Structure formats: C-alpha cells, structure tokens
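Participant: Quick one: structure below, then a few questions.
2 protein chains.
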Amino acid sequence: MSQTVDRALSILPLLAEGPADLGRVADRLGVHKSTALRLLRTLHDHGFVYRQSDQRYRLGARLIALAQEAMENLDVREIAHPHLVRLNEQCGHTVHLAVYEEDEVLYIDKVESRYPVRMYSRIGKPVAITVAAVAKLLLADLPEGERRAVVEKLDYPLYTARSTPHADAFLKELAKVREQGWATDLGGHEESINCVAAPIRGADGRVVAAMSVSAPNVVVTADELLTLLPLVRRTADAISGEYSGRTPVHHAEPQHHPDKDTP
Amino acid sequence: MSQTVDRALSILPLLAEGPADLGRVADRLGVHKSTALRLLRTLHDHGFVYRQSDQRYRLGARLIALAQEAMENLDVREIAHPHLVRLNEQCGHTVHLAVYEEDEVLYIDKVESRYPVRMYSRIGKPVAITVAAVAKLLLADLPEGERRAVVEKLDYPLYTARSTPHADAFLKELAKVREQGWATDLGGHEESINCVAAPIRGADGRVVAAMSVSAPNVVVTADELLTLLPLVRRTADAISGEYSGRTPVHHAEPQHHPDKDTP
DNA sequence: ATGGACGTTGCAGAGCATGCAACGCACCAG
DNA sequence: CTGGTGCGTTGCATGCTCTGCAACGTCCAT
C-alpha cells in the first residue's frame, strides 16, 4: 500500500539470507542505489539493520529485542510454560507449543528432550504446516471457509512417504483431527520422528494454541508414544483451564519471575 | 531520513508495549488515522503486524521468524553454543553469551542453571549495560573515542548499592577490566546475584562477544564463583580459537544439526 | 431513534521520495 | 606514481506518492 515502506520492509527478509552490500540490496529491490541507501539508513536509525565493519548490512539488534517482546506478550506462552516443563519432566521428550497466525504455524515455546538424541527445531521458525501435528489441530479449528482457502493454497512437499500428499488428503485428516480432538504426526516430516499433540482452547472453545510431544523412533516407538496421549491431553486441558480463567492458578513449581534481567 | 518508513518503523516498538487500536497508533504517531491505517496495512502485508480478532494490532509472526534468522546468522553464537552447554554441565550455573551492537549489549544465547533457583533474563533483551560483567568486557574493548562517547551518554541507574554510579567510575572499571582480561558483576544489578565473565576474541584480537557464568548468593558465594574464573576463561579462549579459525573444530559432543524443523 | 466511537474510502494538493549525475575514496594494475 | 575501476555518498530538480481532510458505514450504548 505504501511504496516506500513496502520497499524498506522488503529489505529485511533479504538481509535475513545473509549480509549484503548496498549495491546488492539496490539490485534486489530494483531501485537506484541512492534510494536503497536512504531506506537502509532509516532502518539503521531504528536499529533494524546493523552495519558491520566491512560496511555490509545485517539484521540488527532491535529486531531481536522486539521479537522477544512480542513473544513475551503472548500470554498463552507464559501460562503454558510451566506446564510444558512439568510434562517434559514426566516424559522426558521434547515438548513444543505452537500458534497459528495468517497462513503460518509457528513454534512459540519449546522444552528440550532429556534424551541424548534430540531433534532440531527452533522457536520462531514456521512449522511444516502440512504434516506437523500441532498444525493439524490449529488448522482443523479454523472456520470452514478460511480452512478451505488456506489448505488450497498450501504446498504439499513430500518430506517422507508419509507426508500429506495434497489438499484433499489434508482436509480429510483435518476432519478426523477435529473429530477426535487430538493429532499425530507419524514420520510425516522426518521418517524417524513421531509426535502426538493436543489443543489448547480459550474460554469460547476456540483453539488458541497447540502443544505436542515429539520423540524419535530410536527412543520410543510410535505405539509407546501414543500411550502418552492421555497425559498430553490432560496437560493441554490444564493450560486451557488456566488460560480461559476457569482454573485458579496454583503455583505448584518454583517460580522465577521478577521482571528483571541479569548478566 | 525517510519520513514514511520512519513512521512505519516507529509503530513496531509501540506495538511491543501491547496491542493497540488504530486511533491509539495514530495518536502516538501524531498522524491522521488514515495515514496510520495505510502504514499498518503495509506492515500487515509483510507480516510484521497481526490483527487480532478484536481488530487491534499486535506484532506479527514474521518479526519473530526474522529475528530468529538474524540470530542463527550470528556465527559466534553457533560456534559458542556447544561450549556454553559443556560449561553449564561442568558448573551447573546459568551461562550467558552477549554481543555489543550500537550502544547496546544484548544476550544472544543462554543456558539455564541446573539449580532450582534460577535467575530471570532473556535472549534478545538488552543487558543492564552499566553493571553487567559481559557489558564491561565488550565496552572495554571499544576504541578509546567511541568508548568515551558511549559511556558519557549512558544512564547510570542504581539497581543496588553496588551499581556503577556514574561515567567516571565506569571508565575506571573498564580500564581495570581491559587490563585484567576478565570482569565481574558482584551484586551490581541484583543484590544477591554475582557473575564472572570472559571475552571471546576474533582473529584480530578484537572482542567479538563475551560470556558469563551467573549464580545467586544462596547457591554459591562470590568467592566460590570466582574459583570458576579459570574454567570460564578457558572456555572463552576455546571459543575464540575456534571462531578465529585457529583451532580445528573437534565435534566432541553429540551434535544435532540437520537443518530441519520438526513438530 | 440518535449520538458517538471507530475503521474505511476517494480525492486534491504538496510534501517527500526518487533517479540522475557528479563527487570522494579506496584499491589495484600498469 | 598514475589512471582505472568499484564502491558509497551527496545535491538537486522532477513528479510520483503520501498525506490530511471530509464523508460514509458500521456498531454499540444511550
């Protein structure tokens, strides 16, 4: 809508690929160098880009700080975190928390597995939306029309032989997931990794987030993982209760939340 | 430099404080509602802001994803991480990694204490620059002129009785730190928390990052913490060596880095 | 009903971003 | 030393694009 801002914002994903010099930025934007320079300067003044010693531009610190604030403000995350930790203490596996936002599903919290074999994922990274168990739960709860629209325009990469192959299959899966109130990903993203997930609901019953437990085959089989389902669901329900204000919050675990930072 | 972009970017920190509606954004920016609307729309199209169900605007998912990429691109972080983990395994305390960037010092990695009493801090949050041990190391290494300039324009909040009170004291402290090659924060930020920190240097000897071990008094006294200094310095030196390409990288620990994400 | 609060749209005017060309600078090769 | 090339930077005139206004639609509370 606003050309100048549009161009400026386009610089950021570009720099996310790695540092770039002025000429490169100008080229990629399709504008004159002087134009790119002024945009970069403005971004720089706000701390969104940083000029490293070799004069090339990188993404800046303010961006990281802002994103962190954005996550802190997600109150589901704050409420859920102790529950995720407790679940991890009980089962030992990696626990994820994810939300849906405009065609993307995104991890907003994670507790690492206590087993030596861990999986790689990261907070803030968009999830493989067509296969992830948490994504299924979040999409399954969208209103019919929006769900169809989103599902239609997705790509369906075949990560493995068990990946969701196309929109139709995905819609069927979503229907099943909505029906049963939980979801799995059995080797759909990586052959050897299984997940089981449950939804977190707000006061109005809408799914506001989803959580999952993931573990590689070498640690537990899919069947064994499924035996954790009741526990996962109970945890998710507990979070739902607290989030929607139904459950009085009982601080069971050693809390640590004076809002201060320390070196 | 560019008015439009400038205004648009100013919206983001504003939204970081919490969700805001159109009128509020327009007021805070000092522009007409229609102007604010168009800026917000542009930000929205790029995923930097998100419109929640009550029509108010929040920071969006792309921002989080971008910041994550920005951090991944910091190669010090990648190299340092396994070392930080190992250090944490050895001493059990919270380990931090921080860098300096344009008048700010910022945590870019953290390994949580294994003791039940933890401290609160977060990756991405600017550090209390006048007292943090890592900040002292990073500032101490700036060129004379820049260091003075930065130190002069800082605020010196008195978090505790031991906080650095003013610029002069800080300059003295920095001189000492530069001299000895390591730094501490003994209750300067929070009365009961002590830190000991060491610098990580690039091939040219410049300090590129700093790491610290922090622990509350109730777990170890300041003196006990200081006995960890050699270990902290060795760790920092190991990272320096690897970062500057002097040390052949030996993958000692169970690595887990297929660049994929999983639910 | 009716007023107010809020988001949205079309429009005309001008403020502001744009591209150009010229400059400064570092680096390299001759 | 000198000419050349590749970079970032600056001043300026042109006109595109952003701006504020006013009017409209909607929702909600009075």
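In the order they appear, the protein sequences are chains A and B. Heads up: the first sequence begins at 1 in the UniProt record's numbering, then just goes up one per residue. Heads up: the second sequence begins at 1 in the UniProt record's numbering, then just goes up one per residue. We treat Cβ as the ideally placed atom computed from N, Cα and C, and that holds for glycine. Keep in mind it's a predicted model, so treat the numbers as computed, not measured.
With a threshold of 8 Å, are at least 3 pairs of Cβ atoms found where one atom belongs to the stretch 124–144 of chain A and the other to the stretch 166–182 of chain A?
Facilitator: Proximity of the stretch 124–144 of chain A to the stretch 166–182 of chain A meets the contact definition, three or more beta-carbon pairs being nearer than 8 Å.
Participant: When the Cα of Asp204 of chain B is compared with those of B:Gly245, B:Arg41, B:Thr130, which residue comes out closest?
Facilitator: B:Gly245
Participant: Would you mind telling me which residues of chain B sit closer than 7 Å to Ala48 of chain A, beta carbon to beta carbon, in chain order?
Facilitator: Note that residue 48 of chain A is Phe in the sequence shown here, rather than Ala. Per Cβ cutoff of 7 Å: Leu9.
Participant: Asp54 of chain B CB to nearest chain A CB: under 8 Å?
Facilitator: no
Participant: For chain A, check one thing: does any of its Cβ atoms lie closer than 8 Å to the Cβ of Lys110 of chain B?
Facilitator: no
Participant: Given that Ser88 of chain B touches chain A, what residues does it touch there, using C-beta distances under 9 Å?
Facilitator: A small fix is needed here, since residue 88 of chain B is Asn in this sequence, not Ser. The contacting residues do not exist; Asn88 of chain B stays about 13 Å from chain A at best.
Participant: Go ahead and label residue 287 of chain A buried or exposed: buried means 16 or more other beta carbons lie within 10 angstroms of its beta carbon, across all protein chains shown.
Facilitator: Nothing about residue 287 of chain A can be read from this structure; chain A reaches only from 1 to 263.
Participant: Let me confirm a value: Thr221 of chain A is counted as buried when at least 16 other C-beta atoms fall within 10 Å, else exposed. Which label applies?
Facilitator: It counts as exposed.
Participant: Locate the alpha helix (DSSP H) running through Ala236 of chain B, then write down its first and last residues.
Facilitator: 229–243
Participant: Once you ignore the five residues that flank Arg77 of chain B on each side, which residues in its own chain have a CB closer than 7 Å to its CB?
Facilitator: Met71, Leu97, Ile108, Asp109
Participant: Is the beta carbon of Ala61 of chain B less than 8 Å from the beta carbon of Val134 of chain B?
Facilitator: No, the Cβ-Cβ distance between Ala61 of chain B and Val134 of chain B is not below 8 Å.
Participant: Sorted by chain position, which residues of the same chain lie with C-beta nearer than 7 Å to Glu173 of chain B's C-beta, five sequence neighbours on each side aside?
Facilitator: Here Glu173 of chain B has Lys136, Thr164 as same chain residues with Cβ atoms under 7 Å from its own Cβ, once five neighbours each way along the sequence are excluded.
Participant: At a cut of 8 Å, does the stretch 86–95 of chain A reach the stretch 231–240 of chain A through at least three beta carbon pairs?
Facilitator: yes
Participant: Going along the chain, which residues of its own chain have a beta-carbon closer than 6 Å to the beta-carbon of Ile129 of chain A, five neighbours each way excluded?
Facilitator: Val105, Ala135
Participant: Quick one, are the C-beta atoms of Val219 of chain A and Leu87 of chain A less than 8 Å apart?
Facilitator: Taking a C-beta distance under 8 Å as the contact criterion, Val219 of chain A and Leu87 of chain A do not qualify as a contact pair.
Participant: Taking the alpha-carbon of Ala67 of chain B as reference, which of B:Leu228, B:Gly187, B:Gly124, B:Val131 has the nearest alpha-carbon?
Facilitator: B:Gly124
Participant: Considering only residues of the same chain and omitting the five flanking positions on each side of Leu59 of chain A, which have a CB-CB separation below 8 Å?
Facilitator: Leu12, Leu15, Ala16, Phe48, Val49, Tyr50
Participant: How many angstroms separate the CA atom of Ala238 of chain B from the CA atom of Val208 of chain B?
Facilitator: 14 Å
Participant: As a quick exercise: from B:Asp27, B:Pro82, B:Gln55, pick the residue whose alpha carbon is nearest that of Glu242 of chain B.
Facilitator: Minimum Cα distance to Glu242 of chain B is reached at B:Pro82.
Participant: Using only CA atoms, which one of B:Leu225, B:Val5, B:Val150, B:Leu158 lies nearest to residue 291 of chain B?
Facilitator: Here chain B covers residues 1 to 263 and nothing more, so residue 291 of chain B does not appear.
Participant: Could you check the C-alpha separation between Leu43 of chain A and Leu9 of chain B for me, to the nearest Å?
Facilitator: 8 Å
Participant: Can you confirm whether Ile79 of chain B, when its beta carbon is compared against all beta carbons of chain A, has any partner nearer than 8 Å?
Facilitator: no
Participant: Within 8 Å of any Cβ in chain B, is that where the Cβ of Leu97 of chain A sits?
Facilitator: no
Participant: Starting from the C-beta of Gly202 of chain B, find all residues in its chain whose C-beta is less than 6 Å away, skip the five residues before and the five after it, and write them out in chain order.
Facilitator: Val208, Ser244
Participant: Applying a beta-carbon distance threshold of less than 7 Å, which residues of chain A neighbour Leu39 of chain B?
Facilitator: The contacting residues are Ser2, Val5.
Participant: Closer than 8 Å, CB to CB, is Pro13 of chain A near chain B or not?
Facilitator: yes
Participant: Any beta carbon from chain A within less than 8 Å of Ile239 of chain B's own beta carbon?
Facilitator: no
Participant: Just verifying my parser: in three-state terms, what is the DSSP assignment at His194 of chain A?
Facilitator: It is Asn, not His, that sits at residue 194 of chain A in the sequence shown. Here Asn194 of chain A sits in strand by DSSP.
Participant: Using a C-beta to C-beta distance shorter than 9 Å, which residues of chain B count as neighbours of Ala36 of chain A?
Facilitator: Result: empty, since nearest Cβ-Cβ is about 11 Å, beyond 9 Å.
Participant: Please identify, using Cβ separations under 7 Å, the residues of the stretch 63–76 of chain A that lie next to chain B, in order along the chain.
Facilitator: Leu63, Ile64, Ala65, Leu66, Ala67, Gln68, Glu69, Ala70, Met71, Asn73
Participant: Select from the stretch 211–235 of chain B all residues with a C-beta closer than 7 Å to any C-beta belonging to chain A, and list them in chain order.
Facilitator: If the cut-off is 7 Å between Cβ atoms, the stretch 211–235 of chain B has Ser212, Ser214 near chain A.
Participant: Going by beta carbon distance, what residues of the same chain come within less than 7 Å of Val31 of chain B, once the five residues before and after it are set aside?
Facilitator: Arg7
Participant: Helix, strand or coil, according to DSSP, for Ser2 of chain B in the structure here?
Facilitator: coil
Participant: When the Cα atoms are used, what is the spatial distance from Arg206 of chain A to Val5 of chain A?
Facilitator: Distance between the alpha carbons of Arg206 of chain A and Val5 of chain A is about 34 Å.
Participant: Taking 8 Å as the CB-CB limit, is Ala161 of chain A close to chain B?
Facilitator: Ala161 of chain A is outside the set of residues whose beta carbon lies under 8 Å from a beta carbon in chain B.
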